[in-house]
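To convert, count from 1 in the sequence shown and add 129; that's this note's numbering. From the three backbone atoms N, C-alpha and C, an ideal C-beta is built for every residue, glycine too. The structure presented is a predicted model; accordingly, all values stated were derived computationally and were not measured.
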Amino acid sequence: MIRLANSRLKKAFWISLLALLILGAWAFWWEPSSLRIEHRTIAIQRWHPEHSDLKIALMSDLHVGSPHWDLEKLGEAVAATNAENPDLVLLLGDFVIHGVIGGHFVTPEQISNELARLHAPLGVVAVLGNHDWWYNGERVRHALESQGIQVLENQNLRLTYRGRAFWLCGLADFWTRGDELSQTLSKIDDTEPVLALTHNPDIFPEMPGRVSLTLAGHTHGGQVNLPIVGRLIVPSVFGRRYAYGLVEEDGRKLFVTAGLGTSILPVRFRVPPEIVILRLVEQ
Numbered sequence: 130m131i132r133l134a135n136s137r138l139k140k141a142f143w144i145s146l147l148a149l150l151i152l153g154a155w156a157f158w159w160e161p162s163s164l165r166i167e168h169r170t171i172a173i174q175r176w177h178p179e180h181s182d183l184k185i186a187l188m189s190d191l192h193v194g195s196p197h198w199d200l201e202k203l204g205e206a207v208a209a210t211n212a213e214n215p216d217l218v219l220l221l222g223d224f225v226i227h228g229v230i231g232g233h234f235v236t237p238e239q240i241s242n243e244l245a246r247l248h249a250p251l252g253v254v255a256v257l258g259n260h261d262w263w264y265n266g267e268r269v270r271h272a273l274e275s276q277g278i279q280v281l282e283n284q285n286l287r288l289t290y291r292g293r294a295f296w297l298c299g300l301a302d303f304w305t306r307g308d309e310l311s312q313t314l315s316k317i318d319d320t321e322p323v324l325a326l327t328h329n330p331d332i333f334p335e336m337p338g339r340v341s342l343t344l345a346g347h348t349h350g351g352q353v354n355l356p357i358v359g360r361l362i363v364p365s366v367f368g369r370r371y372a373y374g375l376v377e378e379d380g381r382k383l384f385v386t387a388g389l390g391t392s393i394l395p396v397r398f399r400v401p402p403e404i405v406i407l408r409l410v411e412q
C-alpha cells in the first residue's frame, strides 16, 4: 500500500510539474508572441448613414522592445493591418517601454519608421500614452509626425468619408497630461459625429453623450485573465470596469483594446495580442 501511495504521489507530482511547464510556456512565450486579428461590428448613435461600414484598424500599447515584440514583430503587425484594407488606422499610445523584464529599449524613431508603412485612405492618426510621456512625449510625437502620422494632443481632426464629415477628438494621456476633455470637445461643431481617442479609458465617465464612440487602450486587458478569478491586475481606478471590450453606460459606448505588447511582466494568459478591426454602423 505504501509503495502504491508513493507511486501515485510521484505520478501526481510529475503531472503537476508538466502542467505548470505547459502553462508557463503558454503565458510567457506562446501567447505573448502570437497575434490575433479581432473583427468587431459596433452600432453607434449620432452616425451618418453614409458612414455605415467604415472600417477602422486599432493598434495600441505596442511597447516595442518588450519580449516577443521587437521591430520584426511590429513589421508583421503592420503588414497584417494593411492586409485588412482599413479606411482609417488609429494608434492609441504607449509605443515605447519602461523596465519590462527581459525587454530592450527601441527608439521612437525606429518604431515610427516601421509604422510609416501603414496606409489607409483616411490616414493614420495617433495619441500618446503614459509610457510615451514618462520617456519623452515630445520626442515620440516628433518621430511619429516626421513619418506622416498625425498625433492629436487635446486636438481635433475633421475627416470626410463618402461626402459627409465626422471628427476625431484626440485626448492627451489622462495620467500624465491631465483632463482637457471639455475644452477640446468645445471646439467641435456638435452637429457632426465624434469619435474620441484616448489612451486611458478612465476618462470615460466624463464623456458626454454627443460622442458616438470612445476608443481606448492602456489596460492590456489585464494581461492575465484566469478562469473564474478573472483579470488580476488592471491599471485603472475603476478596477475591471473598463478592462476590455465594449462597455455601454447610460447610452454611451466605449471600446477598449487589449493591445499588442506587455508591461512590467512579459506575460499574457487568455488575453492575446490583438489588432482590432472595427466596423462602425448606424444604430
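For the ligand PLP, is there any heavy atom lying closer than 7 Å to the beta carbon of A156?
This structure simply doesn't include the ligand PLP, nor any ligand for that matter.
- Who pairs with R165 in a beta bridge, going by DSSP? As a first step, residue 165 is located in the sequence shown; it is residue number 36 there, counting from the start. Bridge partners of R165: E403.
- prompt: Among A209, R339, G222, which residue has its Cα nearest to the Cα of H349?
  reply: Working through the sequence shown from its first residue, we reach residue 349 at position 220. Closest option to H349, Cα to Cα, is G222.
Give the C-beta separation of W304 and V323 to the nearest angstrom, bearing in mind that I take them to be a contact with Cβ-Cβ under 8 Å. Here residue 304 corresponds to residue number 175 of the sequence shown, with the count starting at 1. Here residue 323 corresponds to residue number 194 of the sequence shown, with the count starting at 1. Not really, about 23 Å apart at Cβ, beyond 8 Å.
**Q.** Cβ-based burial, V225 [other Cβ within 10 Å; buried from 16]
**A.** Residue mapping note: residue 225 aligns to position 96 of the sequence shown, counting from 1. By the beta-carbon neighbour count (other beta carbons within 10 angstroms, threshold 16), V225 is buried.
Whole-number beta carbon distance between V254 and Q276, since they are thought to touch under 8 Å
Walking along the sequence shown from the start, residue 276 turns up at place 147. Walking along the sequence shown from the start, residue 254 turns up at place 125. Rounded, the Cβ-Cβ distance is 13 Å, inconsistent with contact.
- Task: Can you grab the Cα-Cα spacing for the pair W263 / L361, in whole Å?
- Result: Walking along the sequence shown from the start, residue 263 turns up at place 134. Walking along the sequence shown from the start, residue 361 turns up at place 232. Their backbone Cα atoms lie some 24 Å apart in a straight line.
- request: Answer with yes or no whether the minimum CB distance from Y264 to chain C is below 8 Å.
  value: Note that chain C does not occur in the displayed structure, where there is just one protein chain.
**Asked** Quick one: complete beta strand (DSSP E) runs, 3+ long, within the segment 323-378?
**Response** 323-326, 342-345, 374-378
> Cα separation between D190 and Q239?
Replying inline: As a position in the sequence shown, residue 190 is number 61, starting the count at 1. As a position in the sequence shown, residue 239 is number 110, starting the count at 1. If you take the alpha carbons of D190 and Q239, they lie about 16 Å apart.
Beta-carbon separation (whole angstroms), P330 vs L383, contact threshold 8 Å:
In the sequence shown, residue 330 corresponds to position 201, counting from 1. In the sequence shown, residue 383 corresponds to position 254, counting from 1. 6 Å between Cβ atoms; contact.
Item checked: Short Cβ contact (8 Å threshold) for T170 with V256 -> Here residue 170 corresponds to residue number 41 of the sequence shown, with the count starting at 1. Here residue 256 corresponds to residue number 127 of the sequence shown, with the count starting at 1. No, Cβ-Cβ distance for T170 and V256 is not below 8 Å.
| By DSSP, does S311 sit in helix, in strand, or in coil? | Position 182 of the sequence shown, counted from the first residue, corresponds to residue 311. S311 falls in the helix class under three-state DSSP.
Q: Round the Cβ separation of F398 and V353 to the nearest angstrom and send it over; I've been treating them as touching at under 8 Å.
A: Along the sequence shown, read from residue 1 onward, the residue named residue 398 stands at position 269. Along the sequence shown, read from residue 1 onward, the residue named residue 353 stands at position 224. Contact check for F398 and V353: beta-carbon distance about 5 Å, within the 8 Å limit, so the pair qualifies.
Any idea which residues DSSP pairs I240 with across the strands?
As a working note, residue 240 is residue 111 in the sequence shown. Answer by DSSP bridge pairing: none, since I240 is not bridged.
Cα-Cα, which of S181, S195, N211, V366 is closest to G228? As a first step, residue 228 must be located in the sequence shown, where it is residue number 99. Nearest in C-alpha terms to G228, of all of S181, S195, N211, V366, is S195.
Margin query: Contact defined as beta carbons within less than 8 Å: I believe P237 pairs with A272. What is the distance between those atoms, to the nearest angstrom?
Written below: By one-based count along the sequence shown, residue 237 stands at place 108. By one-based count along the sequence shown, residue 272 stands at place 143. 4 Å between Cβ atoms; contact.
Extent of the continuous alpha helix (DSSP H) to which A245 belongs: The sequence position of residue 245 within the sequence shown is 116, counting from 1. Neither: A245 is in no alpha helix (DSSP H) and is coded neither H nor E.
Next on the checklist: Nearest by alpha-carbon distance to P402: which of N283, L187, G231, V218 is it?
Outcome noted: Here residue 402 is taken as the residue at index 273 of the sequence shown, counted from 1. Ranking N283, L187, G231, V218 by Cα distance to P402 puts L187 first.
(request) Taking V405 and E167 to be in contact with their CB atoms under 8 Å, please state how far apart those CB atoms are, rounded to whole angstroms. (result) Working through the sequence shown from its first residue, we reach residue 405 at position 276. Working through the sequence shown from its first residue, we reach residue 167 at position 38. That pair is a contact at about 5 Å.
Problem set entry | Exposure of N265, with buried meaning 16 or more beta-carbon neighbours within 10 Å | Residue 265 sits at position 136 when you count from the first residue of the sequence shown. Around the beta carbon of N265, a 10 Å sphere encloses fewer than 16 other beta carbons of the protein chains shown; the residue is thus reported as exposed.
Notebook entry, point to check: Hey, would you say A301 sits closer than 8 Å to N283, going by beta carbons?
Noted result: Stepping through the sequence shown from its first residue, residue 301 is reached at position 172. Stepping through the sequence shown from its first residue, residue 283 is reached at position 154. Contact flag set, yes.
- Return the bridge partner residues of N265 from the DSSP annotation. Your numbering for residue 265 matches position 136 in the sequence shown. Listed as beta-bridge partners of N265 by DSSP are no residues whatsoever.
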